[in-house]
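Novice: As given, the protein sequences belong to chains A and B, one line each in that order. Sequence positions in the first sequence follow the working numbering and run 1 to 348. Sequence positions in the second sequence follow the working numbering and run 1001 to 1290.
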Amino acid sequence: MRSGHFKERTEQLIVLSDSAPVWAWSAVLVVALAAAPYLLNAYLLSFVVLILITATGALGLHLLTGRTGLISLGHVGFLLLGAYAYAVPVAKYGLSPFVGFALAGTAPALVSVLVGIPSLRLKGLYLAITTLAFSFIIAHLVLQMSWLTNGARGIQVPRPEMFGISFDSDIRFAQLCLFVATITLFGVLNIERSRVGRALMAVRDNDIAARTMGINLQAYKLRAFMTSAFVSGIAGALFGIYLSFVTVEGFPFLMSIEALAILIVGGLGSTLGVVFGSIFIVLLPEVGRTALSLLGENAAKLFSTGANELRSVLYGVAIILFLRFEPRGLVGLWGDRKRLWVNWPLRF
Amino acid sequence: MQYLLDQVISGIAVGAIYGLVAMGFALIYKATGLVNFAQGEMSMITAYIAWSIAGTVSGNPWLVVGGALAASVVLGLAIERVVMRPMLGEPVFATVMVTIGLAVVLRSATLLIWDAYPHALDIGAGREIVHIGDTGVRSAQLAVMATLLLALGAFWAFFRYSRIGKAMRAVAADERAAKLMGISAARIHAVAWTASSVIAGIAGVFSALLYDVSPNMFHVGLKSFPATILGGLDSVLGSGFGGVIIGVAENLAAGYLAPSVKEITGFIVIIAMLMIRPFGLFGEREIERV
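Next up, the structure:
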């Protein structure tokens, strides 16, 4: 049994991971993910891509909701803005994808200041309702400004070409998504172990106490809003490229719920949980379909006619069941398994 | 002038629907301290049940109304008992997320059980045009306004005179003290969920009468949010009035600015209201003590 785990310096406390096995397994995972595009068929690869994009977007919400404790029901607004901020300059005006990605991050970040400033006075449910209202207003504006956004017709988005590499093939695009998701994950992990990350956590756990410790609530909440919107915008742009078509219908309100479901299912406040949650939520409809097809012909037919509805039902039920029976989420279950593995045959 | 009058009157009728749903929001918030994001879905399900009943027994409005009321009572009780009561004592965030999950489930279940097409709810009444001066109003529009007034009066009396109403106010003010006085908080929550489901159901049936039953009916919940925020989340009567204001504002914005503005008028009102008076026109200011 492992014992004698001492920390003597601050660096040891805030290091990403102090365990060699964790680093080794992470390296294995990175290698596996890098190799995956070459090994998997197109069908499975599309799931990998979707998981990577979803995880990126969910990490954005995680910074805001999981870390800072500001509930957002309007996350889809940032995704939508990011997608359009990429699609309009690249597909409509033929600018470089670099400009597109830069705008996909900065445009939502700037707009998030507009939402963030009025939200600074609000807490909890009121903030959730404001962000909800915001996402509807954004969708409405995008539909109305058809001179820029083509309104309801949408914009066709080509796969980008950057650094002299064409990301046209599925393999290359998967690698692009993997790159962005990895950078985002490391970014978020590093924010969390910095002064900013600890300040955000303090705001989440007790904002009055945080304030008395000299944390500027307004500044940190706004920072959380902007970073979150930036990351989500990039994810939105990737999702738009993945769909190869950006419309308001491509970003339904359900996506906000889906993002919250990922955080809850994974374990609120945990970055690892976001990854688990993304995998779970993306694969859930597929698993549900397989399970139904085992039940027989009629059940399988139900899935083909009401696929979207069944998917929503699964999300909803997953949210309710996790909150009811395992509020710590998948990360909690994972921790239990790990402890069992390390301590066995002892219980503690 | 006539145009303005038309807009205002039909605005009041829509606003009465919003007001009823908003009262449901406020009732649950007052009793349990959480926002029920499934309110619009609950009103949609009741409307669909009413439509199913109207399809089997045609031409008897009382049977349809009675059946819908009974269904909404069962729905409210079932949701409280099965979904919400196990969450008692959990953090507000978790409980609110459960209502969001519930909303998604109910919404998709409606699509799975019934279909995705709009249907007219025909109960053999409510479509006649009544003339007030030069303005033609459908009788269902008048009925919904009357219902809102009735509901406002009934809730005022309920909170002021009835034993359960007083108990509900006590639970809202201080749940622990209320429990120590022998009030069963769980029962009060059940009453609140049931009452809220019933008024949401009434609103749903009226909305189905005036427009159609369709899977988009849950939007009435989203559009009633502004009403509750305007009136005050913890003020049941204020929310009722808030609904009327939102309905009229929506119609005037659509009539005088642009038809498309109608969809987001309420949301703009929310943001403006939350910036100026987050606790609403009639709500109680929250004071935070360290």
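Using N, Cα and C, we set each Cβ at its ideal position, and we do this for glycine too.
Could you check which residue in A/L64, A/L189, A/I165, A/I53 has the C-alpha nearest to that of A/I14?
Specialist: For the purposes of this step, residue 14 of chain A is taken as the residue at position 14 of the first sequence. Relative to A/I14, the option among A/L64, A/L189, A/I165, A/I53 whose CA is nearest is A/L189.
Novice: Which ranges would you report for the alpha helix (DSSP H) in the stretch 10-98 of chain A if only whole runs of at least 4 residues count?
Specialist: 10-14, 20-39, 42-61, 75-87
Novice: For chain A, check one thing: does any of its Cβ atoms lie closer than 8 Å to the Cβ of B/M1087?
Specialist: The residue labelled residue 1087 of chain B in the question sits at position 87 within the second sequence. Yes, contact with chain A.
Novice: Looking at the unbroken alpha helix (DSSP H) that takes in A/R172, where does it start and where does it end?
Specialist: Working through the first sequence from its first residue, we reach residue 172 of chain A at position 172. Under the DSSP assignment, A/R172 falls in the alpha helix (DSSP H) whose first and last residues are 170-192.
Novice: Pick from B/M1145, B/L1075, B/V1104: whose alpha carbon is nearest that of A/E309?
Specialist: One-based indexing of the first sequence puts residue 309 of chain A at position 309. It is B/V1104 whose Cα lies nearest to the Cα of A/E309.
Novice: I'd like to check one pair, B/A1013 with B/M1145: are the Cβ atoms closer than 8 Å?
Specialist: Along the second sequence, read from residue 1 onward, the residue named residue 1145 of chain B stands at position 145. Along the second sequence, read from residue 1 onward, the residue named residue 1013 of chain B stands at position 13. Closer than 8 Å, so yes.
Novice: In terms of residues, what are the limits of the alpha helix (DSSP H) holding B/G1165?
Specialist: Residue 1165 of chain B sits at position 165 when you count from the first residue of the second sequence. Where B/G1165 is concerned, the enclosing alpha helix (DSSP H) stretches over 1163-1173.
Novice: Mapping the DSSP letters down to three states, classify A/F245 as helix, strand or coil.
Specialist: Here the question's residue 245 of chain A lines up with position 245 in the first sequence. Reduced to three states, the DSSP call for A/F245 is strand.
Novice: Got a sec, what are the start and stop residues for the alpha helix (DSSP H) A/G288 sits in?
Specialist: As a working note, residue 288 of chain A is residue 288 in the first sequence. Here the alpha helix (DSSP H) through A/G288 covers 271-295.
Novice: Distance, Cα to Cα, B/V1082 vs A/W341?
Specialist: Position 82 of the second sequence, counted from the start, is the residue given in the question as residue 1082 of chain B. Position 341 of the first sequence, counted from the start, is the residue given in the question as residue 341 of chain A. Using only the alpha carbons, I get a separation of about 36 Å.
Novice: Answer with yes or no whether the minimum CB distance from A/I264 to chain E is below 8 Å.
Specialist: In the structure shown, chain E does not exist; the protein chains are A and B.
Novice: On the DSSP bridge assignment, give the partners of A/E258 in chain order.
Specialist: As a position in the first sequence, residue 258 of chain A is number 258, starting the count at 1. None, per the DSSP bridge assignment.
Novice: What did DSSP end up calling B/G1238 once you bin it into helix, strand or coil?
Specialist: Numbered from 1 along the second sequence, position 238 holds the residue referred to as residue 1238 of chain B. Helix.
Novice: Starting from A/R204, follow the beta strand (DSSP E) in both directions and report where the run begins and ends.
Specialist: As a working note, residue 204 of chain A is residue 204 in the first sequence. Unbroken run through A/R204 is the alpha helix (DSSP H), 195-205; no beta strand (DSSP E).
Novice: Should B/M1275 be flagged as near chain A, meaning a C-beta pair shorter than 8 Å?
Specialist: If you number the second sequence from 1, residue 1275 of chain B lands on position 275. Cβ-Cβ to chain A under 8 Å: yes for B/M1275.
Novice: Kindly list the residues whose CB is nearer than 7 Å to the CB of B/I1017, restricted to its own chain and excluding five residues on each side of it in sequence; keep chain order.
Specialist: Along the second sequence, read from residue 1 onward, the residue named residue 1017 of chain B stands at position 17. If the five residues before and after B/I1017 are omitted, its C-beta is found closer than 7 Å to the C-beta atoms of V1144, A1203, F1206, S1207, V1220, all from its own chain and listed in chain order.
Novice: Please state whether the Cβ-Cβ distance between A/G236 and A/G82 is less than 8 Å.
Specialist: On the first sequence, residue 236 of chain A is found 236 positions in, with the first residue counted as 1. On the first sequence, residue 82 of chain A is found 82 positions in, with the first residue counted as 1. Yes, Cβ-Cβ distance for A/G236 and A/G82 is below 8 Å.
Novice: Tell me, to the nearest whole angstrom, how far the beta carbon of B/G1232 is from that of B/G1238; I am working on the premise that it is less than 8 Å.
Specialist: Here residue 1232 of chain B is taken as the residue at index 232 of the second sequence, counted from 1. Here residue 1238 of chain B is taken as the residue at index 238 of the second sequence, counted from 1. Confirmed, Cβ separation roughly 4 Å.
Novice: In the DSSP assignment, find the unbroken alpha helix (DSSP H) run with B/V1130 in it and report its ends.
Specialist: Here the question's residue 1130 of chain B lines up with position 130 in the second sequence. Premise fails: B/V1130 lies in the beta strand (DSSP E), 1129-1132, not in any alpha helix (DSSP H).
Novice: Do A/A91 and A/P160 have their C-beta atoms closer together than 8 Å?
Specialist: By 1-based counting over the first sequence, the position of residue 91 of chain A is 91. By 1-based counting over the first sequence, the position of residue 160 of chain A is 160. The answer is no: Cβ separation not under 8 Å.
Novice: Enumerate in chain order the residues of its own chain whose CB-to-CB distance from A/L45 is below 8 Å, with the five nearest sequence positions on each side excluded.
Specialist: Stepping through the first sequence from its first residue, residue 45 of chain A is reached at position 45. Cβ neighbours of A/L45 beyond the five flanking positions: A36, P37, D170, I171, A174.
Novice: Are there three or more Cβ pairs, one per stretch, closer than 8 Å when the stretch 1188-1198 of chain B is compared with the stretch 327-344 of chain A?
Specialist: no
Novice: Do you know how far the Cα of A/D168 is from the Cα of B/T1265?
Specialist: For the purposes of this step, residue 1265 of chain B is taken as residue 265 along the second sequence, with counting starting at 1. For the purposes of this step, residue 168 of chain A is taken as residue 168 along the first sequence, with counting starting at 1. If I take the Cα positions, the gap works out to 42 Å.
Novice: Tell me the DSSP secondary structure of B/S1260 in three-state form.
Specialist: Sequence index remark: in the second sequence, residue 1260 of chain B carries index 260 (1-based). Per DSSP, reduced to three states, the secondary structure at B/S1260 is helical.
Novice: Could you list which residues in chain B have their beta carbon closer than 7 Å to that of A/E309, in chain order?
Specialist: By one-based count along the first sequence, residue 309 of chain A stands at place 309. Per Cβ cutoff of 7 Å: S1108, L1111, L1112.
Novice: Report the residues of the stretch 58-92 of chain A with a CB closer than 7 Å to any CB of chain B, ordered along the chain.
Specialist: I71
Novice: Starting from A/T130, find everything on chain B with Cβ-Cβ shorter than 8 Å and list it in chain order.
Specialist: Within the first sequence, numbered from 1, the residue matching residue 130 of chain A stands at position 130. By Cβ distance, chain B contributes I1270, I1271, L1274.
Novice: Using a Cβ cut-off of 7 Å, which residues of the stretch 1202-1225 of chain B contact any Cβ in chain A, in chain order?
Specialist: F1225
Novice: Which of the three DSSP states is assigned to A/H5 in this structure?
Specialist: If you number the first sequence from 1, residue 5 of chain A lands on position 5. In the structure shown, A/H5 sits in coil (DSSP, three-state: anything other than H, G, I, E or B).
Novice: Among the residues of its own chain, which have a CB less than 7 Å from the CB of B/Q1007, if the five just before and after it don't count?
Specialist: Taking the first residue of the second sequence as 1, we reach residue 1007 of chain B at position 7. Only N1251, L1252, G1255 meet the Cβ criterion.
Novice: For A/F251, which residues in the same chain have their Cβ closer than 6 Å to its Cβ, ignoring the five residues on either side in sequence?
Specialist: The residue you call residue 251 of chain A lines up with position 251 of the first sequence. Cβ neighbours of A/F251 beyond the five flanking positions: V76, L79, L80.
Novice: Would you call the stretch 50-59 of chain A and the stretch 99-117 of chain A touching, i.e. three or more CB-CB distances under 8 Å?
Specialist: no
Novice: Taking only beta-carbon positions, decide if A/S364 is within less than 8 Å of chain B.
Specialist: Residue 364 of chain A falls outside the range modelled here, since chain A spans only 1 to 348, and no answer is possible.
Novice: Does the structure place the stretch 1042-1053 of chain B close enough to the stretch 1070-1079 of chain B that three or more beta carbon pairs sit under 8 Å?
Specialist: yes
Novice: Suppose contacts are defined by Cβ-Cβ distances below 8 Å. Is B/L1230 in contact with B/V1269 by that definition?
Specialist: In the second sequence, the residue the question calls residue 1230 of chain B occupies position 230. In the second sequence, the residue the question calls residue 1269 of chain B occupies position 269. Contact flag set, yes.
Novice: Using C-beta distances below 7 Å, list every residue in its chain close to B/A1031, excluding the 5 sequence neighbours before and after it, in chain order.
Specialist: Taking the first residue of the second sequence as position 1, residue 1031 of chain B is located at position 31. Taken in chain order, the residues that qualify are M1168, V1171, A1172, I1188, H1189, A1192.
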